[in-house]
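Residue numbers (full-length UniProt numbering): 1 to 334.
(1) Leaving out five residues on either side along the sequence, give the residues of the same chain with a beta carbon under 7 Å from the beta carbon of residue 267.
(2) Using a threshold of 7 Å, state whether the C-beta atoms of residue 221 and residue 239 are closer than that.
(3) Out of 178, 225, 235, point me to the one whose CA is closest to residue 247's CA.
(4) Start and end of the alpha helix (DSSP H) containing residue 232?
(5) Compare the Cα-Cα distances from residue 56 to each of 156, 251, 78 and report the closest residue.
(6) In whole angstroms, what is the alpha-carbon distance linking residue 46 and residue 39?
(7) Can you tell me whether DSSP reads residue 287 as helix, strand or coil?
(8) Terminal residues of the continuous alpha helix (DSSP H) containing residue 198?
(9) Buried or exposed: which applies to residue 72, given that a residue is buried once 16 or more other Cβ atoms fall within 10 Å of its Cβ?
(10) Are the Cβ atoms of residue 108 and residue 193 separated by less than 7 Å?
(11) Roughly how many angstroms lie between the CA atoms of residue 288 and residue 305, to the nearest whole one?
(12) Using 8 Å as the threshold, is the region 196 to 210 in touch with the region 149 to 164, meaning 3 or more CB pairs across them?
(13) So residue 80 packs on residue 164, CB below 8 Å; how close in whole Å?
(14) Does DSSP classify residue 294 as helix, strand or coil?
(15) Please report how far the alpha carbon of residue 89 lies from the alpha carbon of residue 118, in whole angstroms.
(16) Decide if residue 327 is buried, meaning its Cβ has at least 16 other Cβ atoms within 10 Å, or exposed.
(17) Does the Cβ of residue 33 have 16 or more other Cβ atoms within 10 Å, making it buried, or fewer, making it exposed?
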């Protein structure tokens, strides 16, 4: 079948032409070349294989051989929500590391090799170069995620496990956005720093801090203010929850928990050191313990902890590094 007869190739060709002809797509040739050059590399397919093994296979095996039997014995139906619970502890730490590896050298390596001056001698601005690198590398980040999720679906579809389409698709979208956020974070540092080694060290250093230490930052800051500023316990818990949500990792986790539990309040309580005080004193509700877990009823969630606010906190880690990286990149000598 020729390219003219193949509807998929024809559709992709039409999309390619439309983007090329768009007045806002001066960055498109850069992103297209970035994607094509990187996707030819075998390591992107190695990452895809790693995602299948670490992201999909253990969860699927757990559902079939462990969780599935436990659910059947309890007389409950088994859905892909159980898979998402398996996948969340894997995706939350693994995906940022993959995105950093993909993005950290995007601009810094070009600068080291001297090819950045050649690129900028062409009719591209530094902003268009940064935008093209971001779009191209983000598309590359999404390949392992998409392959892992599609593999999981292909394995689960013929099984007796019910596909909870809404929660599974929302989980997939949240995970893809999470990967793009950390890609932007790495590219922003790559644009701001002189060498790829420095960009890698800074990206991994901040990632390790977010992964290991940030979870204690909110509680520590709350305790510090309680000891020295004499704030009450409710204000202390506000500080703890708000600071925790500013971490992109915590934002992603609480959004996925919200998808699974269908309640933003329950997912936010998981981030606090005192769920009962948070529910009753801070949110004005009543904490009830049920078979499904702690439930905070008749509570009102403040706007700064709403779903939209948490999404905004997550996207800040996309916007701020790119804007800051562009500002430094635009004003530095090559």
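The beta-carbon is built from N, C-alpha and C at its ideal position, and this holds for glycine as well.
Judging by the given coordinates:
(1) 254, 257, 258, 261
(2) yes
(3) 178
(4) It is not in any alpha helix (DSSP H) - residue 232 carries neither H nor E in the DSSP assignment.
(5) 156
(6) 11 Å
(7) strand
(8) 196 to 208
(9) Per-residue confidence for residue 72 stands at a pLDDT of 48, beneath the threshold of 50, marking its modelled position as unreliable; no derived number is given.
(10) yes
(11) 21 Å
(12) no
(13) 5 Å
(14) strand
(15) 43 Å
(16) exposed
(17) exposed
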